[in-house]
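Participant: For reference, each letter of the sequence shown is one residue, going 3 to 252 in our numbering.
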Amino acid sequence: MLTFVTLAALLTMEPEGNCTANSTAPERALTPTPEPQLDYDPEYPGTSLPRLRAIHERVKTLTPADLSQEWETVRRKLLWAGGLKDLNGARPGEGYTGHAFNDYNHCDLTPMIGDVQDEANANGAVREISRRNLLGPGIRVASLPELGPGGSWSTCTNGAGQDPPNDVAHVQFRSRIAFKLVWSPVADYSTFVLVDDYGALLAKGAPKGRLPDYQQRKMNYQVVRGSKYAVEADKLEKVIAAAPAAAAEV
Numbered sequence: 003m004l005t006f007v008t009l010a011a012l013l014t015m016e017p018e019g020n021c022t023a024n025s026t027a028p029e030r031a032l033t034p035t036p037e038p039q040l041d042y043d044p045e046y047p048g049t050s051l052p053r054l055r056a057i058h059e060r061v062k063t064l065t066p067a068d069l070s071q072e073w074e075t076v077r078r079k080l081l082w083a084g085g086l087k088d089l090n091g092a093r094p095g096e097g098y099t100g101h102a103f104n105d106y107n108h109c110d111l112t113p114m115i116g117d118v119q120d121e122a123n124a125n126g127a128v129r130e131i132s133r134r135n136l137l138g139p140g141i142r143v144a145s146l147p148e149l150g151p152g153g154s155w156s157t158c159t160n161g162a163g164q165d166p167p168n169d170v171a172h173v174q175f176r177s178r179i180a181f182k183l184v185w186s187p188v189a190d191y192s193t194f195v196l197v198d199d200y201g202a203l204l205a206k207g208a209p210k211g212r213l214p215d216y217q218q219r220k221m222n223y224q225v226v227r228g229s230k231y232a233v234e235a236d237k238l239e240k241v242i243a244a245a246p247a248a249a250a251e252v
């Protein structure tokens, strides 16, 4: 008998772990002192760390099933998780977010402090990006304030495959990314992963319906191919490729 497994159903498996400590007090357990959370990143000082942490908390709530619905529904969930409003009716440059995650390039969710939002790549440090890349006004309109200080934007991923990354987030805004969407070479680039600034997996999905153009999805992967940001997308390909054999029963 053959058992068919959907791509969405394959996108699950999470390790668990725990730790315990014994108290030396006779009547009550010692409460460990939590390590302080830094709100300043010396390597990328443009990062809004409180906002980055809040975004990660929202991403944790997104299951593979959540990210395997109709693409436009999935995209709105990504905007919400990243602290952005869904503003399809706004003008470009004035808060429009209809392009976010809808092409190969605008796939970095960047949480930056207010002081750097008006940086415009005037020195041309980010290649393939305009020297008048002024995003500040749109960032202030489109950012959800409840996620913390600063703002969010779906910045360009061009240059992210270099080490260190030479993209808009890391160079223009001197900020880490909260997450990056990378389409995987699985099933004609129909699955994706969300990874953090270090390339670690945050979430994954296999959306349905009208996806971004095939060439755009393929280019999205090519931009980061061979870098830390492609590792989880490559792993996903191996998991899905092995599924047919695992799903067949005689």
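Glycine included, every Cβ here is placed at the ideal spot set by N, Cα and C.
Measuring CA to CA, which of V61, N160, A144 and R227 is closest to N90?
Facilitator: Comparing Cα positions, the closest option is A144.
Participant: Report all residues from its chain with a CB closer than 6 Å to the CB of S259; omit the five preceding and five following residues, and keep chain order.
Facilitator: The requested residue 259 is not part of the displayed model; the chain covers only 3 to 252.
Participant: Which residues in the same chain as W185 place their Cβ atom closer than 6 Å to its Cβ, once the five residues preceding and following it in sequence are excluded?
Facilitator: Y191, F194, R219, N222 and Y223, listed in sequence order.
Participant: Where does A205 sit, in a helix, a strand or coil, going by DSSP?
Facilitator: A205 falls in the strand class under three-state DSSP.
Participant: Measuring alpha carbon to alpha carbon, tell me which residue in P44, K79 and P47 is nearest R60.
Facilitator: Residue K79 is the option with its Cα nearest to R60.
Participant: Considering only DSSP beta bridges, list what S145 is partnered with.
Facilitator: According to DSSP, which records beta bridges pairwise, S145 is partnered with L86.
Participant: Please look up how many angstroms separate the CB atoms of R176 and Y46, rounded, as I've assumed it's under 8 Å.
Facilitator: Right, the Cβ-Cβ distance comes to about 5 Å (below 8 Å), so this counts as a contact.
Participant: For the alpha helix (DSSP H) that K220 lies in, which residues bound it at each end?
Facilitator: Run containing K220: Y216 to V226, per the alpha helix (DSSP H) assignment.
Participant: What do you get for D120, buried or exposed, if any count of 16 or more other CB atoms within 10 angstroms of its CB means buried?
Facilitator: Looking at its Cβ environment, which holds fewer than 16 other Cβ atoms inside 10 Å, D120 is exposed.
Participant: Given that a residue counts as buried once 16 or more other Cβ atoms are within 10 Å of its Cβ, and exposed if not, what is A1?
Facilitator: Nothing about residue 1 can be reported from this structure: the residues present for the chain run from 3 to 252 only.
Participant: Put T49 into one of helix, strand or coil per three-state DSSP.
Facilitator: If DSSP states are grouped into helix, strand and coil, T49 belongs with the strands.
Participant: P113 lies in the beta strand (DSSP E); which residues open and close that run?
Facilitator: Note, P113: beta strand (DSSP E), D110 to M114.
Participant: Could you pull out every residue in the same chain whose Cβ sits closer than 6 Å to the Cβ of G116, ignoring the five residues on either side in sequence?
Facilitator: Same-chain partners within the cutoff: G152.
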